[in-house]
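Numbering (this note's numbering), first residue to last: -6 to 500.
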Amino acid sequence: MIKVILFDMDGTLIDSDELVLSIYNKLINKYPPKTDFSNLDLGDVFASSYPDVLIKLYGEVKELHLQEIYRLHKELKHQYLRTFEGVDTMLEQLKKNGYRLGLLTSEMRSIAMDELGILKIDQYFDHVLAFDDVKKPKPHPDGIFEHMKFFGCSQDEIIYIGDQKSDGLAANSASIYSILLDWSQKKSLDYQRQFDHVAHDTVELMRIIESKNKMVIRTKKDKPLRILQLTDLHLMNDEKDIQTYQLISDMISFSHPDFIVFTGDQTMSKDAVMLYQKLGEFMDQFKVPFSYVFGNHDTEGDYTYQDLIDAISTSKYLMFDQGPSYLGFSNCNILIKDESEKPIGSLIMLDTHIDDFYMINGTKTWGYGSLSKDQISWYEGCVNRYPLPHLIFYHIPIPEVKEVSPSDDIHKGDYFESPCTPPVNTGFFDVAKNLKHAKAMFFGHDHLNDYSYSKDGILLAYGRVSGHYDYAMPGFPKGARLIQFDHQGHVTSQIILHKDLIKSSKS
């Protein structure tokens, strides 16, 4: 559970860019530097302390220059200083919600405390560390570690929010979750890649924080986590939906899951928004937490992913976060904790998108969606932060599923259609294998397959189609996959057919 929110100051809470630029412009006019100010990267200037920038400009830090900066700050601060929109309200709400707040800034302490006081937000912070309070400032993680020591919190109980690469790098080095607060909505991908998530205002930031706090599954001692995988519902607002909802209900009643995952193509309809809302309302009756990833058919009703996310978001038992938008719309990491609140594993959800064009032998070729290089890097970050046994869920299978054929005896289950994978291999499996903590990958997409096999210690497994839309083999039995994931990271799973449950209930 997140207990501590750690903020950067300038560019995150306080809009001080004009103030900083005015100070430097007046400084260099009075004391011409060795290096032209225009040659400096403004992003680095805003991310750096005054002493660090003075070294770049003059080759050294002179007391004369520091005193001039202090004088100029005193002269200009009331003219330029302001908080970003909604910051005061957000800080007040976070305190009311029980969070403890820290501040880690590259600003000099005397200036930082002065600015916090002028803007009347100093009252919200339980601990403040400035540039001259730490031996190694950002991007080193020392300031984060000192905050963790002060608050007595672990790495999974603190979030760091900043606006510069140095903030993301510091958080990564400390192995804590980080959020980029990009007020301008113009931060490059290079910036975004340094963080776990991206927000553009305080409303979105609060949503991400609250969502992160909900993304935890708690297990009982010596009891494996029971996960029900349902896939390819293809809800279409027709009579077949009745059968699909009955299947979901019967599967939950039979398997008593602790968690449920829908692995894509929940809908394929012009009524997708209504169907997503209905699905969320339907699931709430079972009082079992659930999550989902998008498939390649969910937005066929000419709706956006955000429309669908908003429609189902009112569900009380939904555990979902769409993740950074540059990765897609269903990328999140759900932590598994034991009764002592110790993290013991995780469930990682990934968006395989719809389709793409790939360059194959110099030819632009259409193919199904895949996991991008950025997603793979994001996944690596998740695993490096929590090097724990984990399961991975996505919709479109990776090319490795083609390494077995229907006639092989190394796979188990139905193999009635050629796997529809992306035409290129983006290397996700090899990365997961080399990180050594992935135990299984579960997917859907191909309705006539439910086979599974182990490759290099990782189980690759189709779910059983759960929806009643048939594009081939009408009447193909529908079902689900029940997964058990124990505290030692061992995985077992089985296919459950709906017809068998119906038959059993009648006998």
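Just so it is clear, CB atoms sit at the ideal spot from N, CA and C, and this is done for glycine as well.
Could you tell me whether the Cβ atoms of L96 and F118 are closer together than 8 Å?
-> yes
In three-state terms, what does DSSP make of N324?
-> coil
Report the rounded CA-to-CA distance for M276 versus G145, giving the unit in angstroms.
-> 38 Å
Following the continuous alpha helix (DSSP H) through H58, name the residue where it begins and the one where it ends.
-> 56 to 73
Cβ shell of L240 (< 7 Å), same chain only, five flanking positions each side left out | S459, K471, H491
Under the three-state DSSP convention, the category Q278 falls into = coil
Across which residues does DSSP place A433 in a beta bridge pair?
-> L384, L452
Just reading off the alpha helix (DSSP H) that R211 is part of, what are its end residues?
-> Not the alpha helix (DSSP H): R211 falls in the beta strand (DSSP E), residues 209 to 211.
Beta bridge counterpart(s) of Q222 as assigned by DSSP | V254, R474
In the DSSP assignment, what residue or residues form a beta bridge with Y351?
-> T358
For L343, which three-state DSSP category applies?
-> coil
Select from G362, A304, P25 the residue whose C-alpha is nearest the C-alpha of T345.
-> G362
Taking buried to mean at least 16 other C-beta atoms within 10 Å of its own C-beta, is R75 buried or exposed?
-> exposed
Would you mind working out which of S447, L226, V266, L364 sits nearest Y464, comparing C-alpha positions?
-> L226
Bridge partners - K330, DSSP secondary structure assignment | R211, P336
Roughly how many angstroms lie between the CA atoms of V191 and H140, to the nearest whole one?
-> 22 Å
Distance, R378 Cα to A123 Cα | 26 Å
Find out if the Cβ-Cβ distance for the pair Y507, D160 is shorter than 8 Å.
-> Because the chain in this structure spans residues -6 to 500, residue 507 falls outside the shown range and cannot be described.
When the Cα of F39 is compared with those of I16, K23, P26, which residue comes out closest?
-> I16
Please confirm whether I(-5) and E197 have their CB atoms less than 8 Å apart.
-> no
Measure how close the beta-carbons of M466 and I327 come, nearest whole angstrom, since I'm counting them as under 8 Å.
-> Contact flag wrong, Cβ pair sits at about 34 Å.
Three-state secondary structure (DSSP) of N90 = coil
Around the Cβ of H66, are there at least 16 other Cβ atoms within 10 angstroms (buried) or fewer (exposed)?
-> buried
Take F422 and list the residues in its own chain whose beta-carbon comes closer than 7 Å to its own, dropping the five residues that flank it on each side.
-> I391, E393
Would you mind sorting Q86 into buried or exposed? The rule is 16 or more other CB atoms within 10 Å of its CB.
-> exposed
Pairwise C-alpha distance: Y184 and P317 | 12 Å
Helix, strand or coil at I241 [DSSP, three-state] | helix
Measure from the alpha carbon of L50 to the alpha carbon of each residue in Q60, L218, K27, L59, then state which is nearest.
-> K27
Is E410 closer than 8 Å to I364 when the C-beta atoms are compared?
-> The question names Ile, but residue 364 is Leu in the sequence shown. Contact: no.
Give the straight-line distance between the Cα atoms of L69 and H383, rounded to the nearest whole angstrom.
-> 53 Å
Chain-order list of residues whose beta-carbon lies under 6 Å from that of K426 (same chain, five-residue window excluded) = D449
What residue from D303, K405, T292, L218 has the CA that sits closest to Q487's CA?
-> K405
Considering only residues of the same chain and omitting the five flanking positions on each side of R457, which have a CB-CB separation below 6 Å?
-> D443, G472, A473, R474, I488
May I ask you to verify whether the segment 78 to 94 touches the segment 102 to 110, counting CB pairs closer than 8 Å and requiring at least 3?
-> no
According to the Cβ coordinates, are A163 and P132 closer than 8 Å?
-> yes
Taking the alpha-carbon positions, what's the S42 to L109 distance?
-> 17 Å
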